[in-house]
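One structure is given here, and the rest of the page talks about it.
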Amino acid sequence: MRTVSLLWVQGILQAAIQQGLLESDILAQAGLDQDSIKASDGRISLADTLSLWRSVELLSSDPLFGFHMGLSLKPAHFQLLAFTMLSSPTLGDAVEKILKYQRLISDGGTFTLFQQADHQAKLIYTPSVKNFSYHQIDAVMAAILSFARWLLGRDISPLHIALSHTEYAGLDQYREFYNCEIAFNQEQNGIVFSSQLLSEALPGFDKGLAAMHVQMADSQLQRLTEPSIVARVKERLIAADDGSSRDDIAAQLAMSGRSLQRKLQEQGSSFQKIHDDYRHQRSLQLLADESLSLLDISLQLGFSESSTFYRAFKRWQGLTPGEYRQQCATK
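Residues 6 to 336 (this note's numbering) make up the sequence shown, in order.
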């Protein structure tokens with residue numbers, strides 16, 4: 006299951022709060038609760054993170070929210086990755102750390118570095134899912150340049166910025182920050198810069214700390230590749246998308262329903278909670294599709310009767326499905 010660091014999620018929430026939004030409203034609109042952003046392993050699912058982004062987009066009136074969020078991020082939001090990059094000998098080595106350890110921050114996208122002709126290099130960011138909003142892309146692109154400037158201890162300007170989204174209000178703010186040519190509606194999102202920058206020494210280089218940070222980052226990365234039973238159940242529910250029962254999922258994981266429940270309890274969860282959370286999140290996505298009737302949605306979510314779905318949704322969201330759909334259409 007794809008996941009995202011809670012530090013990155015906190016960056017989203019903090020930027021929204023600075024604009025006057027309430028965290029409780031953001032979470033409610035996303036169909037999440039406080040427990041969702043306080044996971045013991047420090048990560049939440051990419052699906053929940055996308056729901057948070059959609060919530061902020063709906064509630065915020067800022068067409069450049071993602072861009073402003075990227076500017077507001079601090080090294081603390083990148084934690085171990087920041088330390089690993091800071092203690093690298095050169096900017097090029099630091100970029101290599103991004104390529105290797107990007108999953109520590111998010112599974113939402115991947116970076117690729119290309120050496121081009123004319124002594125130029127291009128860092129490309131590719132979202133891992135199709136329904137990324139331009140806010141998310143703007144946040145990543147702005148954060149990368151801000152972070153590079155922080156590592157070098159001085160302002161640097163790229164040669165060219167490519168963005169896959171259309172141009173929105175506030176082009177002057179883009180130009181002032183990037184200080185270079187900006188192209189919209191491109192096939193890729195990328196930053197082009199002089200290859201000479203990659204060989205520039207970083208003032209924070211420390212050989213001993215670099216080795217320690219790499220060891221710690223390797224350890225964290227290894228843990229991410231070993232999904233928990235909670236993550237495996239969520240992944241199976243998302244893949245099935247048909248209201249599968251506990252025993253259905255247990256069979257797919259080659260264990261009994263009781264064994265699955267016991268393993269989930271050991272991690273402080275239960276199948277009912279995971280299933281309930283999944284149906285809540287999925288209901289919000291389905292209600293956004295106006296071609297689906299409420300009956301279709303309730304059946305797809307595995308409810309035997311529409312009335313049961315209505316009561317569950319009212320408990321989750323504080324609104325009936327029809328009221329929620331009308332609210333979204335109005336906004």
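All residues carry an ideal CB built from backbone N, CA and C; glycine is no exception.
Buried or exposed: which applies to residue i, given that a residue is buried once 16 or more other Cβ atoms fall within 10 Å of its Cβ?
i      : result
Leu297 : exposed
Ser303 : buried
Lys135 : exposed
Gln193 : exposed
Arg320 : exposed
Ile42  : buried
Leu57  : buried
Ala206 : exposed
Gly273 : exposed
Gln23  : exposed
Gly323 : exposed
Ala236 : buried
Find the nearest neighbour of residue i within the set the options, judged by alpha-carbon distance.
i      : options                        : result
Ser10  : Leu26, Glu28, Leu51            : Leu51
Leu69  : Leu168, Leu291, Ala144, Asn190 : Ala144
Thr131 : Leu203, Glu28, Phe72, Phe116   : Phe116
Leu150 : Ser77, Arg287, Ala317, Arg7    : Ser77
Gln257 : Ser169, Gln272, Arg241         : Arg241
Gly97  : Ile17, Ser204, Val235          : Ser204
Leu166 : Val14, Gly195, Gln178, Asp160  : One point to set straight first is that residue 166 is Ile, not Leu, in the sequence displayed. Answer by Cα proximity: Gly195.
Ala44  : Pro94, Ala33, Ser65, Gln15     : Gln15
Phe308 : Ala21, Gln331, Ser65, Ser249   : Ser249
Tyr283 : Ala244, Thr230, Ser261, Gln19  : Ala244
Leu18  : Leu109, Gln332, Ile31          : Ile31
Ser65  : Asp160, Arg330, Ala21, Ile279  : Ala21
Ser275 : Ile254, Asp294, Ala293, Asn190 : Ile254
Cys333 : Phe318, Arg316, Leu289         : Leu289
Ala317 : Leu109, Leu300, His285         : His285
Ile129 : Gln39, Gln191, Lys79           : Gln191
Ala81  : Phe152, Gln178, Arg180         : Phe152
Gly209 : Leu229, Ser93, Thr335          : Ser93
Helix or strand or just coil, what does DSSP make of residue i?
i      : result
Ile196 : strand
Ile187 : strand
Lys127 : strand
Ile110 : coil
Pro132 : strand
Gln121 : strand
Ala206 : strand
Ser93  : coil
Ala50  : In the sequence as presented, Ala is not what sits at residue 50; that position holds Ser. Strand, per DSSP.
Ser274 : coil
Phe318 : helix
Ser10  : strand
Ala5   : With the chain covering 6 to 336 only, the question about residue 5 has no answer from this structure.
Phe70  : helix
Thr115 : strand
His170 : coil
Taking a contact to mean a Cβ-Cβ separation below 8 Å, would you say residue i touches residue j in this structure?
i      : j      : result
Val61  : Gln125 : no
Gln141 : Gly175 : no
Arg99  : Leu156 : For the record, residue 99 in the displayed sequence is Ala; it is not Arg. Going by C-beta atoms, Ala99 is nearer than 8 Å to Leu156.
Tyr183 : Pro163 : yes
Ser200 : Gln120 : yes
Ala147 : Phe83  : no
Leu265 : Arg287 : no
Leu118 : Leu109 : no
Asp246 : Gly262 : no
Ser311 : Leu299 : yes
Asp53  : Leu63  : no
Please confirm whether residue i has its beta-carbon closer than 8 Å to some beta-carbon of chain C.
i     : result
Glu62 : The structure shown contains no chain C, having only a single protein chain.
Three CB pairs or more closer than 8 Å across the region 202-221 and the region 73-88: Yes: at least three Cβ pairs fall under 8 Å.
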